[in-house]
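S.K.: Sharing a structure below in structure tokens format, with a few things to ask.
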Amino acid sequence: AFGADTVPQAPEDPLFGLMAAFKNDQDPKKVDLGIGAYRDDNAKPWVLPVVKQADERLRADPELNHEYLPIAGLADFTSASQKLILGKSSPAVQEKRVISLQSVSGTGALHLGAGFLAKFYNPQNAEAKAIYVSSPTWANHNQIFANSKLPVKNYPYFSKQTKGLDFDGMTSTIQSAPEGSVVLLHACAHNPTGVDPTQDQWKKIAEIMKQKKHFPFFDCAYQGFASGSLSRDAWAINYFVEQGFELMIAQSYAKNFGLYGERAGCFHFVGAPSPSAQEEVTRVGSQLAILQRSEISNPPAYGARIASMILNDDQLFAQWEEDLRTMSGRIIEMRKSLQSKLEQRGTPGTWNHITDQIGMFSFTGLNEQQVQKLREKFHVYMTKNGRISMAGLNTNNVDYFAQAVDSVVR
Ligand code: PMP
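Here the sequence shown is numbered in my numbering, starting from 10 and rising by one per residue.
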């Protein structure tokens, strides 16, 4: 019933394929710059000390069981998540115009939002029912939205010349999109480019989106990871909320808590300030609950319990902020080190973008052949678009990597 004409062989997921190839490589010098997961200076996964502490407390609890969570998830977790992303004294939270559901990490939150938009978003102009994503974007965005039958369109984002933001391209496309379109925005630490708009640029983007009545959907997978400051990394979202937008947020705790496999995340719908906002978000929430029930029934508990314990305890929260600074600080050090090693070698090209870009990734500007050569000759693994995960660099391999890059660009 399922011949190759109806079910063609799908290509392997590029990132997970890369991971497997790295694992099979026996060369001791091999370097993994593929997957976006934090590594310590010994290239090992890092369990955040605060997570270890919360986990131990959790395990010691004799009341701990494996019952189902409610459909919307752990209430202490979702309310703390609102405060984390919107601020402790957020008027939107105080006015009860935010509805939040715990999700299967960031991917699940995006999927829930996509399902909701596909089913209920009815802009005046049917053409507006497309979601605009940056070009390039995290590859999974395209398939998450396409699977939910939301047409995906692109806005330019990255300038090959400056290796920075193509602000004119981005804003002119958003400006000319049909009124009421959905626009997906990376809240901070854009994946894959590491390039974020400045605060002034965000203001301009908000102005255009307001004028065009576009609907913002923020993807926030790196809060605290980009600058090391939780509030600074949520600045753009909070600016849009202050501007009175109705919007959605997909919040992931994979990177900032290192809870990758535990799938802890949250979806938020923020209503615009109005006398009927509370009634509106209650209705929206009732439909989100049905979507959630049909997709996952109820979210996974363990990671959310860990995150919730940390988010709701002042002392643990302070330690978490310290751990975030450890991770973001190490990455910033690696950026500096890589840039200076390339410049010291006189490697052709400019390398300031390595430290201008932020977050986990850097878009190096290396082309597909150079990436291929790095892999074949130097056992360095990275995606073919030239993206490197900065977390894969450390004091033991950064020199080797700089030398390899130098060799392939000459
Ligand atoms: N959005 C972006 C831009 C990401 O980079 C990621 C993680 N790679 C996610 C969402 C979600 O990841 P997760 O489902 O693991 O939270």
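C-beta atoms are modelled at their ideal positions from N, C-alpha and C, and glycine is treated no differently.
1. Which first and last residues belong to the alpha helix (DSSP H) in which H362 is found?
2. The alpha helix (DSSP H) with S109 in it runs from where to where?
3. Per DSSP, which one or two residues make a beta bridge with Y269?
4. Rounded to whole angstroms, what's the CA-CA distance from F287 to L110? Just pull it up for me.
5. Please classify A139: does DSSP put it in a helix, a strand, or coil?
6. Spell out the partners DSSP gives A259 in its beta bridges.
7. So does the region 255-272 actually touch the region 48-60, counting three or more Cβ pairs closer than 8 Å?
8. Excluding the 5 residues flanking I246 on each side, which residues of the same chain have their C-beta closer than 7 Å to its C-beta?
9. Would a C-beta distance cut-off of 8 Å place F224 and V250 closer than the cut-off?
10. Looking at C-alpha atoms only, which residue of V417, Y164, I140 is the closest neighbour of I153?
11. May I ask which residues mark the beginning and end of the beta strand (DSSP E) holding V161?
12. Around the C-beta of N403, are 16 or more other C-beta atoms found within 10 angstroms, so that it is buried, or is it exposed?
13. Taking C-alpha atoms, which residue in Q91, N376, D70, A135 lies nearest to G189?
14. Is T116 a contact residue of the ligand PMP, with contact defined as CB to any heavy atom under 7 Å?
15. Report the partner residues of G173 according to the DSSP bridge assignment.
16. Please state the DSSP three-state secondary structure of P54.
17. Here's the rule: buried if 16 or more other CB atoms are within 10 angstroms of the residue's CB, otherwise exposed. What is D41?
18. The beta strand (DSSP E) spanning R483 covers which residue range?
19. Is there at least one non-hydrogen atom of the ligand PMP closer than 7 Å to the beta-carbon of D228?
20. Looking at C-alpha atoms only, which residue of D365, A263, E255 is the closest neighbour of H277?
M.R.: Inspection of the coordinates gives the following:
1. Looking at the DSSP string, the run of the alpha helix (DSSP H) that includes H362 is 362-365.
2. According to the DSSP assignment, S109 belongs to no alpha helix (DSSP H) but to the beta strand (DSSP E) extending over 107-113.
3. Answer by DSSP bridge pairing: none, since Y269 is not bridged.
4. The amino acid at residue 287 is misidentified as Phe; the sequence shows Gln. So the alpha carbons of these two residues sit roughly 16 Å apart.
5. Reduced to three states, the DSSP call for A139 is coil.
6. A259 has D228, F276 as its beta-bridge partners, per DSSP.
7. Proximity of the region 255-272 to the region 48-60 meets the contact definition, three or more beta-carbon pairs being nearer than 8 Å.
8. Excluding residues within five positions, the ones whose Cβ falls inside 7 Å are I94, A196, F227, C229, I258.
9. For F224 and V250, no; Cβs fall outside 8 Å.
10. With distances taken between Cα atoms, I153 lies closest to I140.
11. First-last of the beta strand (DSSP E) with V161: 161-165.
12. Classification of N403: buried, given that the 10 Å Cβ count is 16 or more.
13. The shortest Cα separation from G189 among Q91, N376, D70, A135 belongs to A135.
14. Correct: T116 has its Cβ closer than 7 Å to the ligand PMP.
15. Partner(s): S168.
16. Of the three classes helix, strand and coil, the one that applies to P54 here is strand, per DSSP.
17. Counting other Cβ atoms within 10 Å of its Cβ, D41 reaches 16 or more and is therefore classed as buried.
18. For the chain, the structure presents residues 10 to 419; residue 483 sits outside this window and is missing.
19. Yes, Cβ of D228 sits closer than 7 Å to a heavy atom of the ligand PMP.
20. Of the listed residues, the one whose Cα sits closest to H277 is E255.
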